[in-house]
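Have a look at the structure below, then the notes.
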Amino acid sequence: TKLQLATVSPSTGDGETTDNGEAIINLDHGDPTMYEKYWQRMGDKTTVVISGWQFTSYFSDPKNLCWFLEPELAEEVVRLHRVVGNAITKDYHIVVGTGSSQLFQAALYALSSDASEPMSVVSAAPYYSSYPVITDCLKSGLYKWEGDAQAFDKSGPYIELVTSPNNPDGFVRQSVVNRSGGILVHDLAYYWPQYTPITTPADHDLMLFTVSKTTGHAGMRIGWALVKDEIIARKIVKYIELSTIGVSKDSQLRAAKVLRAVSDSCGVAHPFKEETFFGFSHHSMESRWMLLREAVNRSGIFSLPEFTPGFCNFWNRVFEPLPAFAWLKCGDGIEDCESFLRGHKIWTRSGRYFGVSPSYVRISMLDRDRTFNLFVKRLSRIRSQRRMRL
Ligand code: PMP
């Protein structure tokens with residue numbers, strides 16, 4: 056979809072916001088700028104200085120299956136998963152990618168490269184809006200987007216994308232196509248304790264993660280895949296070799312430093328304290344969801360998903376999921392929620408991009424405080440047009 060720039064001026068302050076209804080509030084993208092505030096507080100802890108002569112080679116670790124993976128990053132990925140308890144890394148191959156978006160494409164290639172006809176790619180609706188466009192953008196002969204996994208009834212091999220927690224609606228998911236011949240790709244971008252209870256260390260065959268949603272460093276463009284099967288891992292590496300001959304070392308070193316700071320912070324203070332990364336991010340999400348639910352109640356024409364609380368092994372307590380997106384439904388006879396909110400200068404992404412009805416929209420919960428505060432204020436003032444006419 057459209058790449059539009061944020062139109063509320065960047066500010067990381069908590070600043071009280073007065074809203075004259077004029078500023079455009081752009082919450083279409085999942086740009087995780089909320090986390091800037093934490094990293095600013097950390098000062099120079101994650102500053103990286105690289106001299107002109109350093110890291111000039113293509114190679115990082117020639118003996119490793121993933122020869123372009125910086126050992127420092129590999130180490131920090133393993134450590135963070137151990138600290139959080141959200142994924143098993145023992146006996147997995149780690150493959151780094153330019154964001155998990157590149158790894159997603161690499162995974163499609165790796166899983167379909169031996170197929171005699173295009174493999175079906177499916178995901179349960181509402182699915183992440185980038186899957187269909189990425190899958191079909193090159194009209195590959197290897198794979199083809201076949202839409203909603205719940206309606207999928209074609210024969211032959213298929214790839215099912217399981218996003219858990221899900222983008223856009225935040226629910227924990229499992230595969231839905233219940234037959235043989237399927238290969239699962241688990242996109243676990245949001246399986247972190249600021250968003251959802253960590254119930255078990257994930258141990259699926261192919262799992263994707265990204266710093267974009269873990270620490271908020273979307274601009275670093277670093278993701279990683281945990282891959283059980285060596286042949287599949289080699290093919291994923293091959294794709295990245297062919298498309299970009301590896302992944303920026305500068306970014307990998309920066310990512311390693313940021314992940315180290317996250318793990319370190321978990322060790323020095325009680326995890327709930329705001330100086331720990333997950334303490335800060337979890338509290339931010341908790342207060343944002345509270346404010347959003349209040350605004351939605353006040354307005355009376357929208358609804359949000361209701362989640363079942365779950366026990367989180369990381370926090371050692373029960374909590375309700377706090378997704379990175381609000382999946383808002385318009386009532387009151389409004390059929391096109393995106394256009395309706397656009398009329399109030401709130402930009403969101405319509406349900407139709409996610410394979411469902413336009414009465415839903417996806418709204419980013421990860422923008423800066425100023426934008427988020429403006430958004431909830433404006434939303435809470437939107438009243439039923441029918442009631443107003445009476
Ligand atoms: N998967 C999901 C479910 C996502 O929401 C996103 C980011 N919106 C990505 C993958 C892509 O992340 P990256 O920035 O690592 O390419």
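Using the UniProt record's numbering, you'd call the opening residue of the sequence shown number 56 and step up by one each time.
Beta carbons: idealized from backbone N, C-alpha and C, even for Gly.
Closest Cβ-Cβ distance between residue i and chain C: below 9 Å?
i	result
residue 245	In the structure shown, chain C does not exist; there is a single protein chain.
Between which residues of its own chain and residue i is the CB-CB distance below 6 Å, once the five residues before and five after are set aside?
i	result
residue 218	183 and 242
residue 69	In this prediction, residue 69 scores a pLDDT of 49, lower than 50, which makes its location untrustworthy; the coordinate-derived value is nonetheless stated afterwards. Same-chain partners within the cutoff: 424.
residue 223	181, 380, 382, 409 and 417
residue 93	335
residue 75	none
residue 353	435
residue 310	128, 266, 275 and 277
If the criterion is Cβ atoms closer than 9 Å, does the pair residue i and residue j meet it?
i	j	result
residue 419	residue 82	yes
residue 280	residue 263	yes
residue 87	residue 250	no
residue 134	residue 330	no
residue 255	residue 368	yes
residue 245	residue 221	yes
residue 360	residue 227	no
residue 155	residue 278	yes
residue 395	residue 385	yes
residue 165	residue 257	no
residue 333	residue 139	yes
residue 336	residue 89	yes
residue 313	residue 152	no
residue 261	residue 240	yes
residue 177	residue 202	yes
residue 391	residue 364	no
residue 170	residue 290	no
residue 110	residue 122	no
residue 125	residue 308	yes
residue 351	residue 342	no
For residue i, report the span of its alpha helix (DSSP H) as first-last.
i	result
residue 392	392-397
residue 286	285-299
residue 349	332-354
Between which two residues does the beta strand (DSSP E) holding residue i run?
i	result
residue 432	Per DSSP, residue 432 belongs to no beta strand (DSSP E); it is in the alpha helix (DSSP H), 424-436.
residue 400	Premise fails: residue 400 is in no beta strand (DSSP E) and is neither H nor E.
residue 328	Residue 328 -> no beta strand (DSSP E), and no H or E assigned at all.
residue 359	Counting along the chain, residue 359 falls outside any beta strand (DSSP E), and DSSP gives it neither H nor E.
residue 419	415-419
residue 381	380-385
residue 277	277-282
residue 373	372-374
residue 365	365-367
In chain order, what residues of the same chain lie with their CB nearer than 7 Å to the CB of residue i, ignoring the 5 residues before and after it?
i	result
residue 60	Any answer about residue 60 is weak, because its pLDDT of 45 lies below 50 and its placement is not dependable; what the coordinates show is given next. Here the set comprises nothing.
residue 339	89
residue 315	131
residue 371	none
residue 168	197 and 290
So, at 8 Å on beta carbons, what are the nonlocal neighbours of residue i in its own chain, with the 5 sequence-adjacent residues on each side left out?
i	result
residue 80	62, 63, 400, 401, 402, 426, 429, 430 and 433
residue 211	172, 174, 175 and 236
Can you give, in chain order, each stretch of the beta strand (DSSP E) that sits fully within the region 178-231 and has at least 3 residues?
198-203 and 213-218
Quick check: the region 200-211 against the region 221-238, are there 3 or more CB pairs under 8 Å?
yes
Extract the residue ranges of the alpha helix (DSSP H) inside the region 69-155, only unbroken runs of 4 or more that lie entirely within it.
91-96 and 126-139
Taking 8 Å as the cut-off, does the region 98-107 touch the region 306-322 (at least 3 CB pairs, one atom from each stretch)?
yes
Minimum length 3: unbroken beta strand (DSSP E) runs contained in the region 229-266
237-242 and 261-265
Can you confirm whether the region 281-288 touches the region 138-153 when touching is taken to mean that 3 or more C-beta pairs between the two stretches lie within less than 8 Å?
yes
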